[in-house]
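A quick write-up on the structure given underneath.
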Amino acid sequence: MADSFDLVIIGTGAGGGTLAYALRESGARILLVERGGFLPQEPQNWQPTEVFDRRRYNPAELWYGAAGTPFHPGVHYFVGGNTKVYGAALPRLREQDFEALAHEGGVSPAWPIRYADLEPYYARAEEIYLVHGQAGEDPTDPPRSSPFPFPALPHEPYIDDLGERLRRQGLHPFHYPMGVDRREGGRCLRCKTCDGFPCQVLAKGESDVCCVRPATQHPGVTLWTHTRAQRLLTDSTGRRVIAAELEKGGETVTVHAERFVVACGAVNSTLLLLRSANDRHRHGLANSSGMLGRHYMVHNNTALMAVDPLRRNPTVFQKTLAINDFYFQGPNFPYPMGNLQLLGKLQAGMLTASQPFVPKPILQGMADRSVDWWVMSEDLPDPNNRIELRSDGRVVVRWQPNNLAAHRKLVETARHTMRAAGYAFVFVQPMGIETNSHQCGTARVGTDPATSVRNPYCRTHDVENLYVVDSSFFPSSSAMNPALTIAAQALRVAEQLNKTPRVQQRASTAKNPPHRTWQTPQPAHRWV
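Position 478 (the sequence shown) corresponds to 528 in this note's numbering; numbering is contiguous.
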């Protein structure tokens, strides 16, 4: 079976979904491909045991560390990708993150674009993803051309008090930018099941709700769900992709297009390009540099739980506050350390996955009296940290954490800060290889084809009609959540694709309605 489109986008997360949304009115015939389906709205969305202990929404697949140890990756295959379960934290990178920056563990390299190049697209992405925030509180704030589209989410009283305790230490806690629907009449209930949970009422600023569904309302955009991309096929020169082989319901469907966009995430985009090796691309499609799969980064992460046994924390929606005072240097430490941000309120059912031998009543008692933080430092790009695809299909993640002195210093500083704020007990849990929700860097952009996979507009150097639009484009990881930067770059790429003569010509001369042979009907979701 064969079909033909102007543009095929493989993946519906922050990259692919945003791109489809931005091009929905271009006139081009667009096929949007997703290997999973729509995540169901059901009571289990908000049940910690189902989400964390039983991993209800995670795939059953295994990846392997360099030593051969298997692990369950923190990825999700649904329309919207990982944005279906992310914490909806949507900060911009800092202005200096785009420049070469010295760290204790090495140098974070400069990007081939600067903050100013991305700033207008950040502003548009904030509108699309319903970002609430307040400019000027954070001393590391980058310049803005416009205010946040929505006011900051107010702190609950306990968090307000925590902010005052931090300010008395000379710190600058600020309202963290959050993508949730708290507009007048919006769907957000300010529940305790936002961070790490699917939203049962579709109130997160996520790709599915904010981008994919609106895009598919346009006649030129077709969505195929439960469809997995197996490989991309090139012409005899290897300079152009002419088709994608997709697996749908046990059948192979060959789809032709003028342009192809891979947006499967840093690991799965790499795997698709490696599977697409041919006589002209023996080491993987668009991999003449040998950089495909290299420079894998996921941040250095630690969960911190500060407990005051004499004071309960009644906060429901906790993830509203962050600290960047240590982002570029710390106390008695001249190098960048990273970001501290509140987690969604921990519950006992979320803790049992990592503490299975501690009685649940004890865990619940701790959670009732804790304030919970995510401690995040930059993971520096290293070509030896890489993704490999074995001949038997096994996915190997070779990742050795680096820049750890800075991360340990940040954890130590966070401990001291919380004890000074009145918390007698501080517990930490370092995150390992399986905590890969911030994966990035495996097909980095650059101006030199010998040291990068793509140009600054995410077009591959080797293949003239192939783009990769997801977190794999990052030359460095910074110490901020990556989703808004992925979306902003997707908007920037969309603008470039709109200028492409082939797409413009095909879009303007297309007379037939788009093919919808395999389109999955819109699910019977309830909109609240």
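Each residue gets a CB set at the ideal place from its N, CA and C atoms; glycine is no exception.
{"Asked": "With distances taken Cα to Cα, identify the nearest neighbour of G118 among L534, S521, V543, I483.", "Found": "I483"}
{"Asked": "Pull up the DSSP beta-bridge partners for V421, would you.", "Found": "A356"}
{"Asked": "Over the uninterrupted beta strand (DSSP E) stretch that includes Y114, give me the two end residues.", "Found": "113 to 115"}
{"Asked": "Kindly provide the ranges of any alpha helix (DSSP H) runs that are 4 or more residues long and lie completely inside the stretch 295 to 359, ordered along the chain.", "Found": "316 to 325"}
{"Asked": "Which value, in whole angstroms, describes the spacing of the CA atoms of V553 and V543?", "Found": "Note that V553 has pLDDT 48, beneath the 50 cutoff, so the model's placement of it is unreliable and the number below is only indicative. C-alpha separation (whole angstroms): 13 Å."}
{"Asked": "Along the chain, which unbroken stretches of the beta strand (DSSP E) at least 3 residues long are found entirely within the stretch 51 to 93?", "Found": "52 to 60, 80 to 83"}
{"Asked": "Which partner residues does A372 have in the DSSP bridge list?", "Found": "F224, Q391"}
{"Asked": "Check whether the stretch 353 to 364 and the stretch 498 to 507 touch, using three or more Cβ-Cβ pairs below 8 Å as the test.", "Found": "no"}
{"Asked": "Contact defined as beta carbons within less than 8 Å: I believe S420 pairs with M355. What is the distance between those atoms, to the nearest angstrom?", "Found": "5 Å"}
{"Asked": "Whole angstroms are fine: how far does the CA of D422 sit from the CA of A70?", "Found": "36 Å"}
{"Asked": "For D512, which of V519, D520, D498 has the nearest alpha-carbon?", "Found": "D498"}
{"Asked": "Could you give the DSSP three-state label for T402: helix, strand or coil?", "Found": "Here T402 scores only 44 on pLDDT, less than 50, and its place in the model is too uncertain to base an answer on."}
{"Asked": "Can you grab the Cα-Cα spacing for the pair R448 / G343, in whole Å?", "Found": "10 Å"}
{"Asked": "Quickly, what does DSSP pair L151 with across the bridge? List them, please.", "Found": "S158"}
{"Asked": "In this structure, what does DSSP give as the bridge partners for Y517?", "Found": "V311, R509"}
{"Asked": "Rounding to the nearest angstrom, what Cα-Cα distance links L371 and L212 in this structure?", "Found": "9 Å"}
{"Asked": "Under 8 Å, do G156 and A313 count as touching if we go by C-beta distance?", "Found": "no"}
{"Asked": "Ends of the beta strand (DSSP E) at A185?", "Found": "First-last for A185: undefined, no H or E at that position."}
{"Asked": "Take T287 as the anchor and find which of P264, A336, T243, R278 has the nearest alpha-carbon.", "Found": "A336"}
{"Asked": "Tell me the DSSP secondary structure of T243 in three-state form.", "Found": "coil"}
{"Asked": "With 16 as the cutoff for other CB atoms within 10 Å, does G63 come out buried or exposed?", "Found": "buried"}
{"Asked": "Less than 8 Å between the C-beta atoms of R240 and F88, yes or no?", "Found": "no"}
{"Asked": "If I measure Cβ to Cβ from G61 and keep anything under 6 Å in the same chain, skipping five residues before and after, which residues do I get?", "Found": "A313, C314"}
{"Asked": "Could you have a look at R281 and say whether DSSP puts it in helix, strand or coil?", "Found": "strand"}
{"Asked": "Check the C-beta distance from F310 over to L282 and give it rounded, since I have them as a contact under 8 Å.", "Found": "6 Å"}
{"Asked": "Mind checking which residues open and close the alpha helix (DSSP H) that includes R217?", "Found": "207 to 217"}
{"Asked": "In its own chain, which residues sit with a C-beta less than 6 Å from the C-beta of P223, not counting the 5 before and 5 after it?", "Found": "G213, L216, L371, I373"}
{"Asked": "Could you give the distance in angstroms between the alpha-carbon of P433 and the alpha-carbon of W96?", "Found": "39 Å"}
{"Asked": "Going along the chain, which residues of its own chain have a beta-carbon closer than 7 Å to the beta-carbon of T266, five neighbours each way excluded?", "Found": "L273"}
{"Asked": "Exposed or buried, T284, counting other C-beta atoms within 10 Å across all chains shown (16 or more means buried)?", "Found": "buried"}
{"Asked": "Suppose you measure from the CA of A417 to the CA of T68; what does that come to, to the nearest Å?", "Found": "36 Å"}
{"Asked": "If you draw a straight line from the C-alpha of R194 to the C-alpha of A173, how long is it?", "Found": "8 Å"}
{"Asked": "Beta-carbon within less than 8 Å of P170's beta-carbon, same chain only, minus the 5 sequence neighbours each way: which residues are those?", "Found": "S195"}
{"Asked": "Do you know whose CA, among L547, N108, F524, lies nearest F148's CA?", "Found": "F524"}
{"Asked": "Contact defined as beta carbons within less than 8 Å: I believe C238 pairs with D245. What is the distance between those atoms, to the nearest angstrom?", "Found": "Actually they are not in contact, since the Cβ atoms of C238 and D245 sit about 13 Å apart, beyond 8 Å."}
{"Asked": "Please identify the residue among L112, W113, P98 whose C-alpha is closest to the C-alpha of R106.", "Found": "P98"}
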